[in-house]
Amino acid sequence: MLLRIYTDGAARGNPGKSASGYSISDAHGKLIYKNTEYNGIATNNVAEYNAVINALRKAIDRLGEDNDIELFSDSKLIVNQLNGNYRVKDSKLKELNSEAMVLLNKFKSHSLKNVPRENPGIVA
Numbered sequence: 001m002l003l004r005i006y007t008d009g010a011a012r013g014n015p016g017k018s019a020s021g022y023s024i025s026d027a028h029g030k031l032i033y034k035n036t037e038y039n040g041i042a043t044n045n046v047a048e049y050n051a052v053i054n055a056l057r058k059a060i061d062r063l064g065e066d067n068d069i070e071l072f073s074d075s076k077l078i079v080n081q082l083n084g085n086y087r088v089k090d091s092k093l094k095e096l097n098s099e100a101m102v103l104l105n106k107f108k109s110h111s112l113k114n115v116p117r118e119n120p121g122i123v124a
């Protein structure tokens with residue numbers, strides 16, 4: 001099954017109070033699951049990675065690994081780091097990047113795409 005995952009994370013201040021959210025839909029756009037959560041004090045990039053990791057964990061827990069996923073994020077940094085286009089310099093982001101890659105590689109296939117921040121469908 002094709003899953004479409006939309007993620008977003010933000011921090012008020014950088015670092016500051018942060019939150020992340022995600023939605024998981026099927027290929028036809030039917031919402032399967034969505035969630036938002038407070039992350040405590042973190043940077044916006046940590047919040048973005050938390051959104052990706054939490055979404056991937058939930059997709060595996062609820063729907064298993066035998067799925068293809070398309071993941072959409074408004075963070076160019078996160079998408080490019082996970083696609084291998086940007087190096088990960090920050091030690092905390094290296095940990096989160098590694099964790100996200102382990103989860104991504106559990107799926108049959110995956111693609112990551114950057115979407116404009118203004119896109120209303122990001123986390124719905």
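Just so we're aligned, residue 1 is where the sequence shown starts under full-length UniProt numbering, counting upward by one.
Note that CB positions come from ideal geometry on N, CA and C, so glycine has one too.
Model, not experiment: these values are computed from the prediction.
Query                                                                               : Result
The segment 54 to 65 in contact with the segment 82 to 94 per 3-pair CB rule at 8 Å : no
DSSP three-state assignment for A124, whether helix, strand or coil                 : Confidence at A124 is low in this model, with a pLDDT of 49, below 50, so its placement is unreliable and the value that follows should be read with caution. Coil, per DSSP.
Residue range of the unbroken beta strand (DSSP E) whose run includes E65           : Note, E65: premise wrong, no beta strand (DSSP E); not H, not E.
Y33 vs I24 beta-carbon contact at 9 Å                                               : yes
6 Å CB neighbourhood of L96 in its chain, flanking five on each side removed        : Y49
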